[in-house]
Each structure stands twice: as C-alpha cells, then as structure tokens.
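**Student:** The sequence shown lines up with residues 1 to 152 when you count with this note's numbering. In this text, a Cβ means the ideal position worked out from N, Cα and C, and glycines have one as well. Questions regarding the structure given below will be posed in turn.
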Amino acid sequence: MLKKVDYLLAKVMEVIMTVSLLMTVIITFLQVVSRYVFQIPLPWAQELLMVFFVYSIFAGAAFLVYRKEHLVVDLFDNMSAKKDKILKILECIVANIVLCVFIYFGMELVNQNFASGQTLGLIPIQRAYLYLAIPVSSAFMVYFYIRRLFNI
Numbered sequence: 001m002l003k004k005v006d007y008l009l010a011k012v013m014e015v016i017m018t019v020s021l022l023m024t025v026i027i028t029f030l031q032v033v034s035r036y037v038f039q040i041p042l043p044w045a046q047e048l049l050m051v052f053f054v055y056s057i058f059a060g061a062a063f064l065v066y067r068k069e070h071l072v073v074d075l076f077d078n079m080s081a082k083k084d085k086i087l088k089i090l091e092c093i094v095a096n097i098v099l100c101v102f103i104y105f106g107m108e109l110v111n112q113n114f115a116s117g118q119t120l121g122l123i124p125i126q127r128a129y130l131y132l133a134i135p136v137s138s139a140f141m142v143y144f145y146i147r148r149l150f151n152i
C-alpha cells in the first residue's frame with residue numbers, strides 16, 4: 001500500500017519537474033525569438049522562467065530522493081554491510097534535520113510573503129507561491145527519507 005503512495009507522490013514530483021523544465025525551454029525559446037528576430041522583448045518572461053526553474057529544481061530533488069539518487073557518494077562502496085547500514089541511517093537522519101529546517105524557515109518565508117502581498121514584478125502572482133516550492137518539496141523529501149529509513 002505504501003509503495004503505491006510512494007510511487008504516486010514520486011510521479012507527481014516527476015510531472016511537476018518535467019512540465020516546469022519544458023515550460024522553461026519553451027519560454028526561453030520564445031524570449032530569444034521575440035528579442036532577436038522581432039526586436040520585441042518579453043518583459044514577463046524572466047520572472048516566469050524563475051518560477052518554473054525553481055519548481056523544476058525542487059521537484060527534481062524530491063524525485064531524486066525517491067529514486068535514491070539525490071545524495072550518492074561512491075567513496076564507501078567497498079564497505080562492510082554493517083558500516084554501510086550505519087552510514088545510510090546517518091544520511092537519512094542528517095538529511096531529515098536539514099530538510100526540517102528548510103520546512104520551518106520556508107514556511108516562515110511563505111507566510112511573511114503572503115502577509116506582505118508582494119508580487120513578482122510584472123506578473124500578478126504573489127512571491128509566496130515561488131517560495132512555497134521550498135517547504136513543499138522538502139516535506140516530500142522528508143517523507144521519502146523516512147520511508148527509506150524504515151527500509152534499511
């Protein structure tokens with residue numbers, strides 16, 4: 001049952017990452033064509049690129065945690081099974097501590113920006129939605145690390 005939940009959550013992160021990267025490529029292409037072919041810059045493009053790029057990075061990080069490819073160190077490949085297990089447990093604990101800090105301060109940042117009502121310049125989107133990628137993707141990563149911890 002939980003493996004299906006894991007798969008579904010990872011699929012959501014993969015779709016967000018893929019769509020965000022695709023939109024980044026499309027908007028960058030439109031911006032270049034518009035600026036250099038038609039000499040008409042798209043003033044909103046830079047801000048929208050930033051939003052999609054941030055979401056692709058954070059969703060991609062969560063997806064890679066699910067696939068166990070986010071933190072990979074080859075230095076300790078020839079270690080005994082016991083030491084390998086200890087290092088994997090330590091990795092999960094340290095990662096979760098750091099990610100909990102990201103969630104806490106990320107939510108503070110999001111709440112402050114919702115309260116201030118600050119927008120992304122030319123686009124009428126609150127800046128808080130940009131920052132929301134931090135605590136949300138960190139929560140996904142915490143979930144995947146906890147699941148990994150129980151499967152070690």
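#1: On the three-state DSSP scale, how would you describe Q126?
#2: Is it a yes or a no for the segment 82-95 touching the segment 40-48, going by three-plus beta-carbon pairs under 8 Å?
#3: Is DSSP giving L42 helix, strand or coil here?
#4: Whole angstroms are fine: how far does the CA of P124 sit from the CA of V54?
#5: Tell whether a beta-carbon distance below 7 Å holds between A133 and V110.
#6: Looking at the unbroken alpha helix (DSSP H) that takes in F82, where does it start and where does it end?
#7: Touch check for the segment 91-105 and the segment 2-22: three-plus C-beta pairs under 8 Å?
#8: Relative to the C-alpha of Y66, which candidate in N113, F150, Y7 has its C-alpha closest?
**Tutor:** Reading from the atomic positions:
#1: Within the sequence shown, numbered from 1, the residue matching residue 126 stands at position 126. Here Q126 sits in strand by DSSP.
#2: no
#3: On the sequence shown, position 42 is the one that residue 42 refers to. Correct three-state label for L42: coil.
#4: Here residue 54 refers to the residue found at position 54 when the sequence shown is read from its first residue. Here residue 124 refers to the residue found at position 124 when the sequence shown is read from its first residue. Those two C-alpha atoms are separated by around 18 Å.
#5: Here residue 133 corresponds to residue number 133 of the sequence shown, with the count starting at 1. Here residue 110 corresponds to residue number 110 of the sequence shown, with the count starting at 1. No; because the gap between Cβ atoms is not below 7 Å, this pair is not in contact.
#6: Mapped onto the sequence shown, residue 82 falls at position 82. Residue 82 is actually Lys in this sequence, not Phe. K82 -> alpha helix (DSSP H) spans 81-116.
#7: no
#8: In the sequence shown, the residue the question calls residue 66 occupies position 66. Closest by alpha carbon: Y7.
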